[in-house]
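J.:
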Amino acid sequence: MNELKLCVPDPSLDLVLERFVEVAVERVWAAWTQPELMVQWFTPAPWKTSKIELELWPGGKFKTVMESPEGELMDHDPGCVLEVVENRKFVWTSGMMPGYRQRAAAEGEFLFTAEISMAAKDGGTLYRAVAIHDDAEGCRKHEVMGFHDGWGAALDQLVALMK
Numbered sequence: 004m005n006e007l008k009l010c011v012p013d014p015s016l017d018l019v020l021e022r023f024v025e026v027a028v029e030r031v032w033a034a035w036t037q038p039e040l041m042v043q044w045f046t047p048a049p050w051k052t053s054k055i056e057l058e059l060w061p062g063g064k065f066k067t068v069m070e071s072p073e074g075e076l077m078d079h080d081p082g083c084v085l086e087v088v089e090n091r092k093f094v095w096t097s098g099m100m101p102g103y104r105q106r107a108a109a110e111g112e113f114l115f116t117a118e119i120s121m122a123a124k125d126g127g128t129l130y131r132a133v134a135i136h137d138d139a140e141g142c143r144k145h146e147v148m149g150f151h152d153g154w155g156a157a158l159d160q161l162v163a164l165m166k
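So for the sequence shown, the numbering used here puts the first residue at 4; every next one is plus one.
Shown next, in the form of structure tokens:
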């Protein structure tokens, strides 16, 4: 098998969540790649994901609609899938629209690329999510917004769903 190429995080630009989870890698992959599963775990409670559009090929669409506990919708612009390696790696970006069309950040928004990687180990999965930012300010905003707590809580929800 070819060696999987992963980003080398830059601590000034990237946020990393790494964890071993007691869920088989195939089930973690399914949770990340099947919209009917993603809507059940992707957004940390009490928020929820009301809609996911996912085209699982390079250049395909990655779009989420999140909903606050009060019913307010956060309808994100569609992002672009960059890489798909079954049961190993899923990469998407908010910095492009489907079809690799560039997009600029709206005022106050930060753009990032998410690299989700997984490897089977001892019946579970070594899981890593890296949020890759263009600049230190975007990285800082994402961290202050609660990247570690939010992405960690979402991963806990994924594990609970897929166990």
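Virtual Cβ for every residue (Gly too), placed ideally from N, Cα, C.
Source: prediction; values computed, not measured.
How about the region 28-41 and the region 84-94: do they share at least three Cβ pairs that are nearer than 8 Å?
T.: Taking 8 Å as the limit for Cβ pairs, the verdict is that the region 84-94 does touch the region 28-41.
J.: Taking TRP50 and GLU21 to be in contact with their CB atoms under 8 Å, please state how far apart those CB atoms are, rounded to whole angstroms.
T.: The pair is not a contact, with the Cβ atoms about 24 Å apart (cut-off 8 Å).
J.: Consider the C-beta atom of HIS79 and the heavy atoms of the ligand FAD; say whether any pair is separated by less than 7 Å.
T.: Within the structure as shown, the ligand FAD is missing, as the structure has no ligands at all.
J.: Can you pull the DSSP bridge partners for THR36?
T.: According to DSSP, which records beta bridges pairwise, THR36 is partnered with nothing at all.
J.: At which residues does the alpha helix (DSSP H) containing TRP154 begin and terminate?
T.: First-last of the alpha helix (DSSP H) with TRP154: 150-165.
J.: May I ask you to list the residues that DSSP assigns as paired with CYS10?
T.: BP columns for CYS10 are empty, so no partner.
J.: Beta-carbon separation of VAL19 and LEU158 under 8 Å?
T.: Contact: no.
J.: Residues bridged to SER120 by DSSP?
T.: SER120 is bridged to LYS92 and ARG131.
J.: On the criterion of 16 or more Cβ atoms from any shown chain inside 10 Å, does PRO61 qualify as buried, or is it exposed?
T.: The residue is exposed, with fewer than 16 neighbouring Cβ atoms inside 10 Å.
J.: Quick check on this structure: which residue in TYR103, PRO101, SER97 and ALA117 has the alpha carbon closest to the alpha carbon of ALA109?
T.: The residue with the shortest Cα to Cα distance from ALA109 is SER97.
J.: Would the beta-carbon of PRO47 fall within 8 Å of that of VAL133?
T.: Result no, Cβ atoms of PRO47 and VAL133 do not sit closer than 8 Å.
J.: Helix, strand or coil: how does DSSP classify HIS145 here?
T.: HIS145 falls in the helix class under three-state DSSP.
J.: Answer yes or no: do THR116 and VAL94 have a C-beta to C-beta separation smaller than 8 Å?
T.: For THR116 and VAL94, yes; Cβs fall inside 8 Å.
J.: Could you round the C-beta distance between GLY111 and MET99 to whole angstroms and report it? I think they count as a contact, below 8 Å.
T.: That pair is no contact at about 19 Å.
J.: Would you kindly work out how many angstroms separate the C-alpha atoms of GLY155 and GLY63, rounded to a whole number?
T.: Near 26 Å, if we compare the C-alpha coordinates of GLY63 and GLY155.
J.: So, for LEU3: in the same chain, excluding its five sequence neighbours on each side, which residues have a beta-carbon less than 6 Å away from its beta-carbon?
T.: Because the chain is modelled from 4 through 166, residue 3 falls outside the range shown and cannot be assessed.
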